[in-house]
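Report on the following structure.
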Amino acid sequence: DTGVSQNPRHKITKRGQNVTFRCDPISEHNRLYWYRQTLGQGPEFLTYFQNEAQLEKSRLLSDRFSAERPKGSFSTLEIQRTEQGDSAMYLCASSPGLAGGPGTQYFGPGTRLTVL
Amino acid sequence: AQSVTQLGSHVSVSEGALVLLRCNYSSSVPPYLFWYVQYPNQGLQLLLKYTSAATLVKGINGFEAEFKKSETSFHLTKPSAHMSDAAEYFCAVSYSGNTPLVFGKGTRLSVIA
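Sequence order for the protein chains is A and B.
Quick note: the first sequence, position 72, residue 72 per our numbering, numbers continuous.
Quick note: the second sequence, position 50, residue 50 per our numbering, numbers continuous.
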């Protein structure tokens, strides 16, 4: 069990640029989640996948955001035309899914995005 | 809809003193409840979870929490604080462990020597 990994750990970009983050879940975990955490706040849900299917998207996920999980393995979160308000920590988590019973979400270290 | 309220954005205790971090939840169905800890610039680590079994849940690092349905509470306690406990603590609620978590705003715990 190597844990959830996220890359890059830090990203600094200029307003208007596109950025992409990657998340590698714990192997054999079929659910994968993205959350966003701003300073002084708890994480807020963005979207999640069961294998390659995107099951739910939060209203926080504007049309500038897109997430994919091809082949049900790693996932990418892309933000187009970044805005300063997108500056946050983006957290990825995975869980075993229904087969694992009540389940526990295991979090990665996060990607900190700074938009200048 | 589900929600979590954590009372006190900052709690300060002396080393060796009791730690009590408060969490109240709102849920239309029997909830699953979680406590996570976050150290600076790191992700979240699970401390413990309640999944409708025993109401007193023991977690890692000496923490425990008690589910009280009548009070809609899930407070986190530790008998004796250690300097290494200084961190941000988040309470979260979910319909199950496999559905999105709804987090509280967090409580920052400081431990004074």
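We treat Cβ as the ideally placed atom computed from N, Cα and C, and that holds for glycine.
Owing to the predicted nature of the structure, the values given are computational and were not obtained by experimental measurement.
Does the count of Cβ pairs from the region 85-98 of chain B and the region 24-31 of chain B closer than 8 Å reach three?
A contact is defined here as three or more CB-CB pairs under 8 Å, and the region 85-98 of chain B meets this definition with respect to the region 24-31 of chain B.
Entirely enclosed beta strand (DSSP E) segments - the region 29-92 of chain A, minimum 3 residues
For the region 29-92 of chain A, whole beta strand (DSSP E) runs of length 3 or above, ordered along the chain, are 31-37, 44-50, 53-57, 65-68 and 75-79.
Per-residue DSSP class, three states only, for K69(B)
Position 69 of the second sequence holds residue 69(B). For K69(B), the secondary structure class from DSSP, reduced to helix, strand or coil, is helix.
Could you give the residue range of the beta strand (DSSP E) that holds I26(A)?
For the purposes of this step, residue 26(A) is identified with residue 26 of the first sequence, where counting begins at 1. Unbroken run through I26(A): none, as it is neither H nor E.
The region 5-17 of chain B in contact with the region 72-81 of chain A per 3-pair CB rule at 8 Å
No, they do not touch.
Keeping to the same chain, check which residues put their C-beta closer than 7 Å to that of R15(A); ignore five residues upstream and five downstream.
By one-based count along the first sequence, residue 15(A) stands at place 15. Answer for R15(A): T82, E83, Q84, V115 and L116, listed in chain order.
Report all residues from its chain with a CB closer than 7 Å to the CB of V86(B); omit the five preceding and five following residues, and keep chain order.
Your numbering for residue 86(B) matches position 86 in the second sequence. At residue 86(B) the sequence reads Ala, which differs from the Val that was named. Take A86(B), set aside five residues on each side of it, and the residues of its chain with a beta-carbon closer than 7 Å to its own are L109, S110 and V111, in chain order.
Could you tell me which chain B residues have their CB closer than 9 Å to the CB of E56(A), listed as they occur along the chain?
Within the first sequence, residue 56(A) is the residue found at index 56, counting from 1. In chain order: T99 and P100.
Under 9 Å between beta-carbons, which chain B residues line up against L91(A)? List them in chain order, please.
The residue given as residue 91(A) occupies position 91 in the first sequence. Correct list: G43 and L44.
Of all the CB atoms in chain A, is at least one closer than 9 Å to the CB of Y36(B)?
Counting from 1 along the second sequence, the entry for residue 36(B) is found at position 36. Taking Cβ atoms only, chain A reaches closer than 9 Å to Y36(B), which makes this a yes.
If you run the structure through DSSP and keep just helix, strand and coil, what is S3(B)?
Your numbering for residue 3(B) matches position 3 in the second sequence. Three-state result, S3(B): strand.
Let me know the secondary structure DSSP gives S84(B) once reduced to three states.
If you number the second sequence from 1, residue 84(B) lands on position 84. The answer is helix: DSSP assigns S84(B) an H, G or I state.
Go ahead and label L47(B) buried or exposed: buried means 16 or more other beta carbons lie within 10 angstroms of its beta carbon, across all protein chains shown.
The residue given as residue 47(B) occupies position 47 in the second sequence. Counting Cβ neighbours within 10 Å, L47(B) comes out buried, since at least 16 surround it.
Rounded to the nearest angstrom, what separates N51(A) and K69(B) at their Cα positions?
If you number the first sequence from 1, residue 51(A) lands on position 51. If you number the second sequence from 1, residue 69(B) lands on position 69. Looking at the backbone, the Cα of N51(A) and that of K69(B) are separated by about 34 Å.
Can you give the Cα-Cα distance for T38(A) and L60(A), rounded to whole angstroms?
Indexing the first sequence from 1 puts residue 38(A) at position 38. Indexing the first sequence from 1 puts residue 60(A) at position 60. Roughly 13 Å separates the two Cα atoms.
Beta carbon of T154(B) nearer than 9 Å to that of S26(B)
Residue coverage of chain B in this structure runs from 1 to 113, which leaves residue 154(B) outside it and unanswerable.
Local conformation of N24(B) per DSSP, three classes
Counted from its first residue, the second sequence places residue 24(B) at position 24. N24(B) falls in the strand class under three-state DSSP.
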